[in-house]
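Chemist: Dropping a structure here in structure tokens format, bear with me for questions.
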Amino acid sequence: MKPALQAVLDVIEADRDHVVALTQDLVRIPSVNPKFQSEQGLHREADVQDRIEEELRPLGFDLDRWDALENRPNVTADLPGSEDKSMILCGHIDVVPVGDSAAWSRDPFGGQLEDGRVWGRGAVDMKGGVAACISAARAIRKAGIELDGRLSIHSVVDEEAGGFGAIDLVERGGTKLARHAIIAEPTWGHVIPAEGGLSWVRVTIFGKQAHAGWRFNALWPQHDSLGRLEPGVNAIELANRFLNALRDFEASRCRRTNHPLLPAGLATINPGTIMGGAGMGPDGNPAVMSNAAMISDVVTMVLDYKFMPQENFGDVQREFEEFIAHFAAMDPWMRENPPKIEWDLWGLHFPPMDTPVDHPLAQTVLTRATELQLAKPEIKGFEAVTDAAHYAGKGVVPVIYGPAGDGFHGDNECVEVGSLIETTKVIAASVLDMCGVRS
Ligand SMILES: [Zn+2]
Numbered sequence: 001m002k003p004a005l006q007a008v009l010d011v012i013e014a015d016r017d018h019v020v021a022l023t024q025d026l027v028r029i030p031s032v033n034p035k036f037q038s039e040q041g042l043h044r045e046a047d048v049q050d051r052i053e054e055e056l057r058p059l060g061f062d063l064d065r066w067d068a069l070e071n072r073p074n075v076t077a078d079l080p081g082s083e084d085k086s087m088i089l090c091g092h093i094d095v096v097p098v099g100d101s102a103a104w105s106r107d108p109f110g111g112q113l114e115d116g117r118v119w120g121r122g123a124v125d126m127k128g129g130v131a132a133c134i135s136a137a138r139a140i141r142k143a144g145i146e147l148d149g150r151l152s153i154h155s156v157v158d159e160e161a162g163g164f165g166a167i168d169l170v171e172r173g174g175t176k177l178a179r180h181a182i183i184a185e186p187t188w189g190h191v192i193p194a195e196g197g198l199s200w201v202r203v204t205i206f207g208k209q210a211h212a213g214w215r216f217n218a219l220w221p222q223h224d225s226l227g228r229l230e231p232g233v234n235a236i237e238l239a240n241r242f243l244n245a246l247r248d249f250e251a252s253r254c255r256r257t258n259h260p261l262l263p264a265g266l267a268t269i270n271p272g273t274i275m276g277g278a279g280m281g282p283d284g285n286p287a288v289m290s291n292a293a294m295i296s297d298v299v300t301m302v303l304d305y306k307f308m309p310q311e312n313f314g315d316v317q318r319e320f321e322e323f324i325a326h327f328a329a330m331d332p333w334m335r336e337n338p339p340k341i342e343w344d345l346w347g348l349h350f351p352p353m354d355t356p357v358d359h360p361l362a363q364t365v366l367t368r369a370t371e372l373q374l375a376k377p378e379i380k381g382f383e384a385v386t387d388a389a390h391y392a393g394k395g396v397v398p399v400i401y402g403p404a405g406d407g408f409h410g411d412n413e414c415v416e417v418g419s420l421i422e423t424t425k426v427i428a429a430s431v432l433d434m435c436g437v438r439s
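Each residue of the sequence shown is one higher than the one before, starting from 1 at the first, in the numbering used here.
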């Protein structure tokens, strides 16, 4: 084992420029997720995948490529080997928009190498991590090492908008999956085995449509000139009561749930969007939202519903549905006209990842990072979600581990060159450990 590792580290040292130049190349091909911004020339995910294939083909990988979304290809590359020691190195090649370009002091797609950093959109999130995975695999091949387990490299699209590239990939199953995976998102050299789950839920509250002129009857019940009493039921007011109750429910969930690697109170339920109006439209939202003279009978809210790594999604769903049922039972109208709940709205669902800290993969990456990095690595949880979720949901054991940098999703994004090289070494050493070397 020792000589193999040394041979691989020697190749990485001798070719220190490789991972840096590859990161620069990838940054120079704009691959902004088209769901966020539509501008010709910015959506070159396919060209990034061409560059990645060009790098992997001469190394003897079996390549596969298909459109996960329209004109947005995933690429996978495999070195055959045993399944029980199989391992995936994964990264996404889409990036978020540049944002305010005036705030950038360098060309966001220039891939400039300056001050020991590569600069540009996607440098740290996460073309640097993708380059480190490829460079690690390259060093193993150049050192002439035969792995025992199958090694796969996954280059996926659309992580930034729900992970539909990775979802499409893991749905293919079979040899697209493996025992273990490293997702090379930026972690500043720390090892991340846990992140919570996330689902988008739409709650629809129903009222009774009426003319707003008769709203006085809702405040001061009395008969109008025709003897009518009931004016309507305002769904917007019911939604207001619901949101207050939801806030209490959310707080109680946050108090009750905990994970040793994550901050307290992470099981949040964020009301992200709300629409109120009259009549149900074909898209499940109110049909009329421009006439305030109506008593609203439809309100839709989309909640960003987080749950803890150790929680079972079915239990999470049941608990929320019971809360809604109890809330509705306390009101005579809602008892008869209960709110509607739609889970996984628009397919947005991230299973939780809860790889045990003492799992061999987490321990291997931690040990190799301790040996090969200047900065001491820690084991941490992640507050948001990544593609690791989609692998974990299919039974792959993942950890997130990747380079250090700055400005991700902001301006002046960069990745540190020293960290890119360390990441390459740690990933390569972890692959040797987990896949094993054929003697
Ligand atoms: Zn990312």
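For each residue, glycine too, the CB sits at the ideal point set by N, CA and C.
Keep in mind that this is a model prediction, so the values were computed, not measured.
Mind listing, in chain order, the continuous alpha helix (DSSP H) runs of no fewer than 4 residues lying wholly within the region 370 to 403?
Modeler: Counting whole runs of 4 or more residues, the region 370 to 403 contains the alpha helix (DSSP H) stretches 388 to 392.
Chemist: Go ahead and label serine 135 buried or exposed: buried means 16 or more other beta carbons lie within 10 angstroms of its beta carbon, across all protein chains shown.
Modeler: Locating residue 135 in the sequence shown gives position 135, counting from the first residue. It counts as buried.
Chemist: May I ask which residues mark the beginning and end of the beta strand (DSSP E) holding alanine 202?
Modeler: What you label residue 202 is simply residue 202 of the sequence shown in a count that begins at 1. According to the sequence as given, residue 202 is arginine; it is not alanine. Counting along the chain, the beta strand (DSSP E) containing arginine 202 begins and ends at 197 to 206.
Chemist: Quick one: any contact between the region 208 to 228 and the region 412 to 419, if contact means 3 or more CB pairs under 8 angstroms?
Modeler: no
Chemist: So what does threonine 300 bridge to, in DSSP terms?
Modeler: Indexing the sequence shown from 1 puts residue 300 at position 300. For threonine 300, which the question treats as bridged, DSSP gives the partners Thr204 and Met275.
Chemist: Does the beta-carbon distance from tryptophan 119 to aspartate 344 come in below 9 angstroms?
Modeler: Taking the sequence shown and counting its residues from 1, one reaches residue 119 at position 119. Taking the sequence shown and counting its residues from 1, one reaches residue 344 at position 344. Not a contact, by the Cβ cut-off of 9 angstroms.
Chemist: Report yes if the C-beta of threonine 386 is less than 8 angstroms from at least one heavy atom of ligand 1; otherwise report no.
Modeler: Your numbering for residue 386 matches position 386 in the sequence shown. Yes, the Cβ of threonine 386 comes within 8 angstroms of a heavy atom of ligand 1.
Chemist: Could you please give me the residues that DSSP links to tryptophan 66 through a beta bridge?
Modeler: As a first step, residue 66 must be located in the sequence shown, where it is residue number 66. For tryptophan 66, which the question treats as bridged, DSSP gives the partners Asn74.
Chemist: Please say whether isoleucine 295 and alanine 178 have beta carbons closer to each other than 9 angstroms?
Modeler: Taking the sequence shown and counting its residues from 1, one reaches residue 178 at position 178. Taking the sequence shown and counting its residues from 1, one reaches residue 295 at position 295. Not closer than 9 angstroms, so no.
Chemist: I'd like the list of long-range same chain contacts for phenylalanine 320, defined as Cβ closer than 6 angstroms, with 5 residues on each side in sequence excluded.
Modeler: Against the sequence shown, residue 320 aligns to sequence position 320. Contacts found: none.
Chemist: Is any heavy atom of ligand 1 found at a distance shorter than 8 angstroms from the C-beta of methionine 275?
Modeler: Position 275 of the sequence shown, counted from the start, is the residue given in the question as residue 275. Checking every heavy atom of ligand 1 against the Cβ of methionine 275, none is found closer than 8 angstroms.
Chemist: For glycine 189 and glutamine 49, which I take to be in contact (beta-carbon distance under 8 angstroms), what is that distance rounded to the nearest angstrom?
Modeler: For the purposes of this step, residue 189 is taken as the residue at position 189 of the sequence shown. For the purposes of this step, residue 49 is taken as the residue at position 49 of the sequence shown. Wrong, their Cβ atoms sit about 27 angstroms apart, outside the cutoff.
Chemist: I want to know whether the region 305 to 317 touches the region 277 to 287 - three or more CB-CB distances under 8 angstroms.
Modeler: no
Chemist: Closest by CA to serine 290, which one among Met301, Val302, Gly277 and Val299?
Modeler: Position 290 of the sequence shown holds residue 290. Relative to the Cα of serine 290, the nearest Cα in the group Met301, Val302, Gly277 and Val299 belongs to Gly277.
Chemist: Assign tryptophan 220 to one of two classes, buried (16 or more other C-beta atoms within 10 Å of its C-beta) or exposed (fewer than that).
Modeler: Position 220 of the sequence shown, counted from the start, is the residue given in the question as residue 220. Exposed: under 16 other Cβ atoms inside 10 Å.
Chemist: So what's tryptophan 119 in DSSP terms, helix, strand or just coil?
Modeler: Position 119 of the sequence shown, counted from the first residue, corresponds to residue 119. Looking at tryptophan 119 - three-state DSSP - the assignment turns out to be strand.
Chemist: May I have the straight-line CA-CA distance separating methionine 434 from glycine 381, to the nearest angstrom?
Modeler: On the sequence shown, residue 434 is found 434 positions in, with the first residue counted as 1. On the sequence shown, residue 381 is found 381 positions in, with the first residue counted as 1. Rounded to the nearest angstrom, the two C-alpha atoms are 22 angstroms apart.
Chemist: Does DSSP put glutamate 230 in a helix, a strand or coil?
Modeler: Within the sequence shown, the letter at position 230 stands for residue 230. Three-state DSSP puts glutamate 230 in coil, outside helix and strand.
Chemist: Listed in chain order, which residues are found with a beta carbon closer than 6 angstroms to a heavy atom of ligand 1?
Modeler: His92, Asp125, Met126, Glu159 and Glu185
Chemist: Using a Cβ distance threshold of 8 angstroms, determine whether the region 417 to 425 contacts the region 9 to 18, with at least three qualifying pairs required.
Modeler: yes
Chemist: From the DSSP secondary-structure annotation, give me the bridge partner or partners of valine 415.
Modeler: Taking the first residue of the sequence shown as 1, we reach residue 415 at position 415. According to DSSP, valine 415 bridges with Val118 and Gly405.
Chemist: In the DSSP output, which residue or residues are listed as bridge partners for valine 95?
Modeler: Against the sequence shown, residue 95 aligns to sequence position 95. Paired residues: Val32.
Chemist: Would you mind working out which of Ala325, Asp331 and Glu171 sits nearest lysine 394, comparing C-alpha positions?
Modeler: As a first step, residue 394 is located in the sequence shown; it is residue number 394 there, counting from the start. Here the closest residue by C-alpha is Glu171.
Chemist: I'd like to check one pair, valine 357 with leucine 266: are the Cβ atoms closer than 9 angstroms?
Modeler: Mapped onto the sequence shown, residue 266 falls at position 266. Mapped onto the sequence shown, residue 357 falls at position 357. No. Outside cutoff.
Chemist: In this structure, how does DSSP classify glycine 336 when only helix, strand and coil are distinguished?
Modeler: Here residue 336 is taken as the residue at index 336 of the sequence shown, counted from 1. Per the sequence shown, residue 336 should be read as glutamate rather than glycine. Three-state result, glutamate 336: helix.
Chemist: Which one of His92, Thr187, His43 and Glu53 has the shortest CA to CA distance from glutamate 70?
Modeler: In the sequence shown, the residue the question calls residue 70 occupies position 70. Checking every option, the nearest Cα to that of glutamate 70 belongs to His43.
Chemist: On the criterion of 16 or more Cβ atoms from any shown chain inside 10 Å, does alanine 293 qualify as buried, or is it exposed?
Modeler: The count along the sequence shown starts at 1 and reaches residue 293 at position 293. That one is exposed.
Chemist: Whose C-beta lies closer than 8 angstroms to the C-beta of alanine 4 among residues of the same chain, with five residues either side of it excluded?
Modeler: Residue mapping note: residue 4 aligns to position 4 of the sequence shown, counting from 1. So the list reads Ala143, Ile145, Leu432 and Val437, once near-sequence residues are dropped.
Chemist: Report yes or no: do the region 110 to 124 and the region 159 to 168 share at least 3 C-beta pairs separated by less than 8 angstroms?
Modeler: By the criterion of at least three beta-carbon pairs nearer than 8 angstroms, the region 110 to 124 is not in contact with the region 159 to 168.
Chemist: Roughly how many whole angstroms lie between the Cα atoms of phenylalanine 206 and asparagine 234?
Modeler: What you label residue 206 is simply residue 206 of the sequence shown in a count that begins at 1. What you label residue 234 is simply residue 234 of the sequence shown in a count that begins at 1. When rounded, the distance between both Cα atoms is 8 angstroms.
Chemist: Could you tell me which residues DSSP pairs with asparagine 285 in its beta bridges?
Modeler: Against the sequence shown, residue 285 aligns to sequence position 285. Answer is none; asparagine 285 lacks a bridge partner.
Chemist: Taking just the CA atoms, how far does proline 338 sit from valine 20?
Modeler: Working through the sequence shown from its first residue, we reach residue 20 at position 20. Working through the sequence shown from its first residue, we reach residue 338 at position 338. Whole-angstrom Cα-Cα distance: 57 angstroms.
Chemist: State buried or exposed for asparagine 312, treating a residue as buried only when at least 16 other CB atoms are found within 10 Å of its CB.
Modeler: Counting from 1 along the sequence shown, the entry for residue 312 is found at position 312. Exposed.
Chemist: How would you call histidine 154, buried or exposed, if buried means at least 16 neighbouring beta carbons within 10 angstroms?
Modeler: Stepping through the sequence shown from its first residue, residue 154 is reached at position 154. Buried, since its Cβ has 16 or more Cβ neighbours within 10 Å.
Chemist: Can you tell me whether threonine 273 is buried or exposed, with buried defined as 16 or more other CB within 10 angstroms of its CB?
Modeler: On the sequence shown, residue 273 is found 273 positions in, with the first residue counted as 1. Exposed, by the Cβ-count rule.
Chemist: Could you give the residue range of the alpha helix (DSSP H) that holds arginine 247?
Modeler: The sequence position of residue 247 within the sequence shown is 247, counting from 1. Per DSSP, arginine 247 belongs to the alpha helix (DSSP H) from 235 to 256.
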